[in-house]
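S.K.: Sending over a structure as structure tokens; questions will come in a sec.
Protein chains: 2
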Amino acid sequence: MAEVAQRAGVSVSTVSRTLRGLSTVSDTTRARVEAAARELSFAITRSASSLVTGRTGRVAVLLPDLESWFLGAALSGMAPALRDAGLELLVYSVTDVHERADFFDRLPARRNADALLVVSFALSPTERARLDDLGMPLVFVSQHAPGRPSVYVDDEDAALRGTRHLLNLGHRRIAFLQTADGTGFTWSSKSRLAGHLRALTEAGIEPDDALVLSVPDWKGNGMAAAVGRLLSLQDPPTALFTETDDLAFRLLAALRDANIPVPGRVSVMGFDDHVMAGVMGLTTLAQPAVEIGRAAVRLTRAVIDGSDGDHQRHIVLPTELVPRGTTAPPPAPVR
Amino acid sequence: MAEVAQRAGVSVSTVSRTLRGLSTVSDTTRARVEAAARELSFAITRSASSLVTGRTGRVAVLLPDLESWFLGAALSGMAPALRDAGLELLVYSVTDVHERADFFDRLPARRNADALLVVSFALSPTERARLDDLGMPLVFVSQHAPGRPSVYVDDEDAALRGTRHLLNLGHRRIAFLQTADGTGFTWSSKSRLAGHLRALTEAGIEPDDALVLSVPDWKGNGMAAAVGRLLSLQDPPTALFTETDDLAFRLLAALRDANIPVPGRVSVMGFDDHVMAGVMGLTTLAQPAVEIGRAAVRLTRAVIDGSDGDHQRHIVLPTELVPRGTTAPPPAPVR
DNA sequence: TCCTAGCCTGCAAGCGCTGTCATGAAGGCA
DNA sequence: TGCCTTCATGACAGCGCTTGCAGGCTAGGA
């Protein structure tokens with residue numbers, strides 16, 4: 001900055017004021033400083049400015065994973081929005097128990113970011129408490145946190161509409177498949193299941209425990225086993241609703257391998273509208289992942305700027321049923 | 001830090017020395033300081049330390065995208081490795097032309113990271129030059145940069161082996177499909193095509209220009225058109241080799257929609273081993289995305305620590321042919 | 001012409017650390 | 001016992017910026 005000042009023939013204070021767009025700089029000076037800065041392709045040392053302002057110009061994102069489609073999409077919604085806000089993106093990916101313990105123990109984000117976006121992260125009460133005394137605004141993304149700014153979709157309502165869709169097609173035996181989530185890492189699928197069950201109840205159908213399945217090892221052979229179990233029931237389901245598209249893809253593969261026609265014999269419905277859902281022709285409930293990211297940044301800016309009155313704001317984004325080829329009326333007439 | 005010092009009854013200098021693991025601290029003092037730091041869950045203000053050391057403890061990653069499977073996987077290889085190195089991960093996602101111009105114009109990473117990892121980014125000479133006077137170590141990931149530390153796979157060799165596999169199955173008419181890459185955004189597919197053509201030549205087959213296709217709008221209807229064009233050739237291909245798995249997935253969908261059996265009528269081979277390749281049963285060439293990320297971090301650490309003699313190091317990772325269900329001998333006898 | 005009010009600009013303190021240098025304590029040796 | 005060495009610790013300057021304050025300059029009114 002000293003260099004820029006010298007080149008422009010002004011003091012560093014003036015350079016600083018100019019670069020931050022403060023109005024107390026005359027037009028001619030401003031022009032000269034901007035020219036000098038450009039010629040030297042000066043970029044501010046954020047460390048120095050944050051030391052004095054207490055603002056880092058950086059936002060931290062806590063993620064349970066970096067490989068999932070959803071998180072990638074959410075991030076890609078955040079990135080340009082952050083850039084527009086002049087904020088940088090710091091990523092903390094915490095995938096295993098060890099990293100997790102370490103993160104909450106050391107809280108490395110402390111003082112190194114202006115806000116923490118917690119994305120799809122099922123927190124224990126202790127962890128929640130730790131974050132609270134992080135001394136940093138929190139924004140919860142793709143999860144609802146009572147009394148805290150959060151961005152999410154109404155999973156229960158979406159699942160309700162999904163199941164209704166299946167009911168409207170004439171299905172009466174509808175199974176619900178979820179991941180067996182021992183680690184408690186991802187956000188819970190409880191609301192989706194709740195919505196599903198509510199739709200059944202509304203339609204006067206008694207939920208059957210045998211039709212709610214947690215699938216262990218769903219990335220491996222677990223899905224084949226689950227399919228076998230479901231279809232060998234004395235009154236097998238004619239439709240399968242999965243907690244996520246990822247699960248649905250494996251399900252589709254398992255059904256293909258077992259030579260069970262979709263939607264001829266069973267219908268399949270996913271949840272997410274993963275990029276591949278279109279390719280696979282999967283009927284699903286779309287959640288606007290990119291928009292969730294964008295909205296999260298909007299909320300974050302509000303929280304950082306302390307434009308108060310909205311601490312504790314919530315943004316609920318809409319989901320949409322996307323009918324494609326994996327759902328159809330059941331093969332046998334409704335009983 | 002002052003707080004910790006007071007609580008431990010020592011000076012800030014001692015706290016600093018302790019926390020950085022310098023040896024000139026007595027065991028008793030060390031224990032006391034560590035206890036105090038833990039109790040206050042003190043986290044260092046990196047801004048302050050970087051101001052004096054010139055090290056930020058942060059590594060920037062420049063990506064053309066955040067939604068692609070490959071980049072997610074590479075990032076998820078980097079994240080734990082960086083954490084182990086005590087480095088934070090700063091993400092610059094530059095997806096459109098405007099952002100791109102802005103990035104290379106302002107070079108926001110300057111002085112805000114200890115190194116820049118350039119991932120899958122086809123740089124213009126000007127951009128390359130800009131990065132060079134960024135005054136920051138560069139590491140090229142998933143792309144080869146002569147004279148610069150880089151991590152990559154041998155695309156040409158991999159494609160060569162892929163095409164050989166098809167040749168061995170008896171195919172003689174093999175098409176190569178690539179994305180129509182107007183923007184020059186992603187790394188070029190030149191080497192993959194080169195490998196493919198080399199394999200053909202090796203086998204004594206004259207490459208046919210009509211069998212090398214750039215597919216515009218491949219995420220939309222472009223693929224259906226391309227399939228139509230190829231299969232209406234007077235001597236249509238019996239195998240299709242795509243530049244990426246993503247392309248192969250769309251191809252598979254287009255073939256399915258056109259009722260063309262795979263591998264009954266045509267074989268399909270991808271490149272990447274995308275997570276979904278297993279689900280789709282796609283034969284492909286696996287590149288170790290996660291390991292690429294890890295290796296990039298290894299190189300980065302070496303470059304930052306200036307453990308010299310290895311500026312200019314290259315890591316070439318192996319690819320592997322993964323035969324699955326989309327490749328088989330051609331339907332008609334070899335002519 | 002002098003005074004006052006604005007506008008711009010520069011000066012200097014200090015943000016939270018690190019690293020150099022100085023200091024003090026403890027121990028070894030003659 | 002006295003002197004020198006070694007080790008552990010503290011004091012302090014300064015990293016590159018921001019910001020409150022002071023001061024200089026210009027213009028307008030009396």
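Line by line, the protein sequences are chains A and B.
Per our numbering, the very first residue in the first sequence carries number 1; after that it's consecutive.
Per our numbering, the very first residue in the second sequence carries number 1; after that it's consecutive.
The beta-carbon is built from N, C-alpha and C at its ideal position, and this holds for glycine as well.
Here the structure is a predicted model, which means the values were calculated and not measured.
How would you write the range of the beta strand (DSSP E) that B:His-196 sits in, first residue to last?
M.R.: Where B:His-196 is concerned, there is no enclosing beta strand (DSSP E), although the alpha helix (DSSP H) it sits in stretches over 190-202.
S.K.: Hey, does B:Asn-112 have any beta-carbon neighbour from chain A nearer than 9 Å?
M.R.: So yes, B:Asn-112 belongs to the interface.
S.K.: Using the beta-carbon of each residue, which ones in chain B are nearer than 8 Å to A:Met-269?
M.R.: Those within 8 Å of A:Met-269 in chain B number zero; the least Cβ separation is about 17 Å.
S.K.: A:Gly-72 touches chain B at which residues, Cβ-Cβ below 7 Å?
M.R.: Those are Leu-66, Glu-67, Gly-72, listed as they occur along chain B.
S.K.: For chain A, find out if any of its Cβ atoms is closer than 9 Å to the Cβ of B:Glu-39; answer yes or no.
M.R.: Output row for B:Glu-39: interface = no.
S.K.: Report the residue ranges of all beta strand (DSSP E) runs contained in full by the segment 83-135 of chain B; include only those spanning at least 3 residues, in chain order.
M.R.: With a minimum length of 3 residues, the continuous beta strand (DSSP E) runs that stay inside the segment 83-135 of chain B are 88-93, 115-119.
S.K.: Do you know whose CA, among A:Ser-47, A:Glu-34, A:Leu-87, A:Arg-46, lies nearest A:Val-59's CA?
M.R.: The candidate whose alpha carbon is nearest that of A:Val-59 is A:Leu-87.
S.K.: Listed from N- to C-terminal order along the chain, which residues in the segment 108-132 of chain B have their beta-carbon within a distance smaller than 9 Å of any beta-carbon of chain A?
M.R.: Per Cβ criterion, the list reads Pro-108, Ala-109, Arg-110, Arg-111, Asn-112, Arg-130.
S.K.: How many angstroms separate the CA atom of A:Arg-345 from the CA atom of A:Gly-281?
M.R.: Residue 345 of chain A lies beyond the range of chain A shown here (1 to 335); nothing can be said about it.
S.K.: Use the C-beta contact count for B:Pro-261: other C-beta atoms within 10 angstroms, 16 or more gives buried, fewer gives exposed.
M.R.: Flag for B:Pro-261 reads exposed.
S.K.: I need the straight-line Cα distance from B:Phe-241 to A:Phe-241, nearest angstrom please.
M.R.: Cα to Cα, the separation comes out at about 35 Å.
S.K.: Starting from A:His-165, trace the alpha helix (DSSP H) in both directions and tell me its first and last residue.
M.R.: Note, A:His-165: alpha helix (DSSP H), 155-168.
S.K.: Tell me the residue span of the alpha helix (DSSP H) that contains B:Glu-291.
M.R.: Its alpha helix (DSSP H) spans residues 289-305.
S.K.: Assuming A:Leu-317 is part of the beta strand (DSSP E), what are its boundary residues?
M.R.: A:Leu-317 -> beta strand (DSSP E) spans 314-317.
S.K.: For B:Gly-281 and chain A, any beta-carbon pair shorter than 9 Å?
M.R.: Chain A, which has a Cβ nearer than 9 Å to the Cβ of B:Gly-281, makes this yes.
S.K.: Check whether the segment 58-78 of chain B touches the segment 282-293 of chain B, taking contact to mean three or more Cβ pairs, one atom from each stretch, closer than 8 Å.
M.R.: Yes, since at least three Cβ pairs between the segment 58-78 of chain B and the segment 282-293 of chain B fall closer than 8 Å, the two stretches touch.
S.K.: Applying the criterion that 16 or more other CB atoms from any shown protein chain within 10 Å of the CB defines a buried residue, is B:Gly-162 buried or exposed?
M.R.: With 16 or more Cβ atoms within 10 Å of its Cβ, B:Gly-162 is classed as buried.
S.K.: For B:Arg-83 and chain A, any beta-carbon pair shorter than 9 Å?
M.R.: Yes, its Cβ sits closer than 9 Å to a Cβ of chain A.
S.K.: Helix or strand or just coil, what does DSSP make of B:Arg-58?
M.R.: Reduced to three states, the DSSP call for B:Arg-58 is strand.
S.K.: Any C-beta of chain B sitting closer than 9 Å to the C-beta of A:Thr-284?
M.R.: It does not: the Cβ of A:Thr-284 has no partner Cβ on chain B nearer than 9 Å.
S.K.: From B:Pro-137 to B:Ala-113, what distance separates their C-alpha atoms?
M.R.: C-alpha separation (whole angstroms): 10 Å.
S.K.: Beta strand (DSSP E) containing A:Phe-271: first to last residue?
M.R.: No beta strand (DSSP E) holds A:Phe-271; DSSP gives it neither H nor E.
S.K.: In three-state terms, what does DSSP make of A:Ser-23?
M.R.: A:Ser-23: coil per DSSP, three-state reduction.
S.K.: Based on Cα-Cα distance, which residue from A:Leu-22, A:Arg-111, A:Val-316, A:Asp-102 lies nearest to A:Glu-127?
M.R.: For the residues A:Leu-22, A:Arg-111, A:Val-316, A:Asp-102, the minimum Cα distance to A:Glu-127 belongs to A:Asp-102.
S.K.: Counting only beta-carbon separations shorter than 9 Å, does B:Ala-43 have a partner in chain A?
M.R.: Yes, its Cβ sits closer than 9 Å to a Cβ of chain A.
S.K.: Assess contact between the segment 246-253 of chain B and the segment 34-44 of chain B, defined as three or more Cβ pairs (one per stretch) separated by less than 8 Å. Is contact present?
M.R.: Touching, no, given that fewer than three Cβ pairs across the two stretches are closer than 8 Å.
S.K.: Quick one: which chain B residues come within Cβ less than 7 Å of A:Ala-253?
M.R.: What A:Ala-253 touches in chain B: Val-279.
S.K.: Which of the three DSSP states is assigned to A:Ser-232 in this structure?
M.R.: A:Ser-232: coil per DSSP, three-state reduction.
S.K.: Determine, using beta carbons only, whether A:Leu-99 comes closer than 9 Å to chain B.
M.R.: Inspection of the sequence shows that residue 99 of chain A is occupied by Glu rather than by Leu. Taking Cβ atoms only, chain B reaches closer than 9 Å to A:Glu-99, which makes this a yes.
S.K.: Thinking C-alpha only, which one of B:Arg-20, B:Gly-21, B:Ala-226, B:Leu-116 is nearest B:Gly-135?
M.R.: Among B:Arg-20, B:Gly-21, B:Ala-226, B:Leu-116, the Cα nearest to that of B:Gly-135 belongs to B:Leu-116.
S.K.: Taking buried to mean at least 16 other C-beta atoms within 10 Å of its own C-beta, is A:Ala-239 buried or exposed?
M.R.: Result: buried.
S.K.: Mind the definition here: the segment 154-173 of chain A touches the segment 190-199 of chain A only if three or more C-beta pairs lie below 8 Å; say whether that holds.
M.R.: Counting Cβ pairs under 8 Å, three or more are found: they touch.
S.K.: Helix, strand or coil: which one does DSSP assign to A:Thr-327?
M.R.: A:Thr-327 falls in the coil class under three-state DSSP.
S.K.: For B:Glu-202, is the classification buried or exposed, using 16 other Cβ atoms within 10 angstroms of its Cβ as the cut-off for buried?
M.R.: B:Glu-202 comes out exposed.
S.K.: From the DSSP output, read off the bridge partner residues of B:Ala-81.
M.R.: None; B:Ala-81 has no bridge partner.
S.K.: Who are the neighbours of B:Ser-142 on chain A, taking C-beta pairs under 9 Å?
M.R.: What B:Ser-142 touches in chain A: nothing, since even the nearest Cβ is about 15 Å away.
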